[in-house]
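Heads up: the sequence shown at position 52 corresponds to 52 in UniProt numbering, and the numbers run straight through without jumps.
C-beta: ideal position from N, C-alpha, C; glycine also.
These numbers come from a predicted model, not from an experiment.
Structure first, commentary second.
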Amino acid sequence: MALITGLTKGGASWTPTFVESVDHEKCIGCGRCFKSCSRKVLGPVEIEDEETDTINMKMDIVNGDACIGCAGCGVACPKKCFTFATMEA
1 MALITGLTKG
11 GASWTPTFVE
21 SVDHEKCIGC
31 GRCFKSCSRK
41 VLGPVEIEDE
51 ETDTINMKMD
61 IVNGDACIGC
71 AGCGVACPKK
81 CFTFATMEA
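This is the structure:
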């Protein structure tokens, strides 16, 4: 099988990289990724920190099927929390 590819407006080949996971250990919950995603793939979730027994807001994938593979969330993230993957057609 071949990788899913697309074309840019200028006609160059482009391979989308879809969001796979968010590293909650690195995430600071700043929301930059959330603001950068026009597809509503990401959203805030409460994550319990077992060491400090506190609840923190972090970003997570809430609608992964809507991801178009632009990787804008990863570009916006100051902590590089995201893992991406390509898909086969």
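Residue i by DSSP, collapsed to three states: which one?
i, result
"GLY64", "helix"
"residue 92", "Given a span of 1 to 89 for the chain in the structure shown, any question on residue 92 remains unanswerable."
"LYS58", "strand"
"GLY6", "strand"
"ASP49", "strand"
In the DSSP output, which residue or residues are listed as bridge partners for residue i?
i, result
"VAL19", "PHE84"
Report the residue from the options whose alpha carbon sits nearest the alpha carbon of residue i.
i, options, result
"MET57", "PHE18, VAL22, ALA2, SER13", "VAL22"
"ALA76", "GLU20, LEU7, GLY31, THR8", "GLY31"
"VAL45", "THR86, ILE61, VAL19, ALA2", "ILE61"
"MET59", "LYS9, GLU48, THR5", "GLU48"
"ASN63", "CYS37, GLY11, ILE4", "CYS37"
"ALA89", "THR8, GLY11, THR15, CYS33", "THR15"
"PHE34", "ALA2, LEU7, GLY72, THR54", "GLY72"
Fill in: the stretch 35 to 55 contacting the stretch 63 to 83, beta-carbon criterion three pairs below 8 angstroms
yes
Discussion item. Which complete alpha helix (DSSP H) runs does the UniProt domain "4Fe-4S ferredoxin-type" (18 to 47) hold, if anything under 4 residues is left out?
Written reply: 32 to 36
Practice prompt. Would you check if the stretch 79 to 88 and the stretch 22 to 38 touch, i.e. whether three or more CB-CB distances between them fall below 8 angstroms?
Written response: yes
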